[in-house]
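J.: This structure is in structure tokens; I'll ask about it shortly.
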Amino acid sequence: MRLRRHRGRMLAACLLLLLAACLLFLRLTVGPLVQELAKAIVSNKASNIINEAVEAQLRSDDIDYDSIIYLEKDYNGAVTALKTNINEINRLKTEILSVIDTMLLELDVNEVGLPLGSLILPEFFSGTGPTLPVKVLSVSTSDADFHNEFAEAGINQTSHRIYMEVRITMTILTPVGTEAVTASSTVVVAETVIVGTVPGSYVDVKTGTE
């Protein structure tokens, strides 16, 4: 009887050791793949959220080119300078970053989870199977810069576009640990066509200096 119990304990201990070895092997071999796939999924989702948040905020606030840029003209009506509405730029930046941070932290696990099929024979089962949980724990940093672009738009016409580049750094939790993820996206927030020559001076929308 004692011999049987001893053998049973030995068998249980061997099974536990085997299970621990298998888990360690999976962590060392599959773990890096899990991290990389999770980072790619969250980064892509974050980029989409950035675009959606910017577009939604622009629509809800009815932001247009005239809200951001002042056009100075001479007595003939020709544009002589462009000046940025810094207060509007800063307000827009603050509100959009706040919306983005909230949307990222509210992401459902099913939206950013890692399908098991993407790890096992992804050529056949990518995107299928049970979902391994991935959670955005925190948004470490979020920032945005504005920059502008001038381009020819036809005879005696110049297209002026204002871009917002948003950068996000997050901490995510995956089945094999935590990981830092960065995401960025550049979105057009305003544009217009200037008729006539390009102004000789303008206030840069990124630095706020001439």
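All residue numbers for the sequence shown refer to my numbering, where the first residue is 58 and numbers rise by one. Beta carbons: idealized from backbone N, C-alpha and C, even for Gly. Since we're looking at a predicted model, the values are computed, not measured.
Less than 7 Å separating the beta-carbons of residue 243 and residue 226?
T.: no
J.: In chain order, which beta strand (DSSP E) runs of at least 3 residues are fully inside the segment 193–242?
T.: 214–231
J.: Beta-carbon within less than 6 Å of residue 230's beta-carbon, same chain only, minus the 5 sequence neighbours each way: which residues are those?
T.: 192, 194
J.: Ends of the alpha helix (DSSP H) at residue 122?
T.: 122–125
J.: Are the segment 140–152 and the segment 118–129 in contact at 8 Å, needing three or more beta carbon pairs?
T.: yes
J.: Report, in whole angstroms, the separation of the C-beta atoms of residue 196 and residue 161, which I expect to be a contact under 8 Å.
T.: 6 Å
J.: How long is the line joining the alpha carbons of residue 79 and residue 223, rounded to whole angstroms?
T.: Per-residue confidence for residue 79 stands at a pLDDT of 49, beneath the threshold of 50, marking its modelled position as unreliable; the derived number appears in the next sentence. Using only the alpha carbons, I get a separation of about 42 Å.
J.: Mind checking residue 250: buried by the 16 CB within 10 Å criterion, or exposed?
T.: The residue in question, residue 250, is exposed, as its Cβ has fewer than 16 Cβ neighbours within 10 Å.
J.: Helix, strand or coil for residue 248, going by three-state DSSP, please let me know.
T.: Three-state result, residue 248: strand.
J.: Could you tell me which residues DSSP pairs with residue 136 in its beta bridges?
T.: 130
J.: Tell me the rounded alpha-carbon separation between residue 168 and residue 211.
T.: 44 Å
J.: Can you say whether residue 92 is buried or exposed, counting buried as having 16 or more other CB atoms within 10 angstroms of its CB?
T.: buried
J.: Using only the alpha-carbon positions, how far apart do residue 187 and residue 172 sit?
T.: 6 Å
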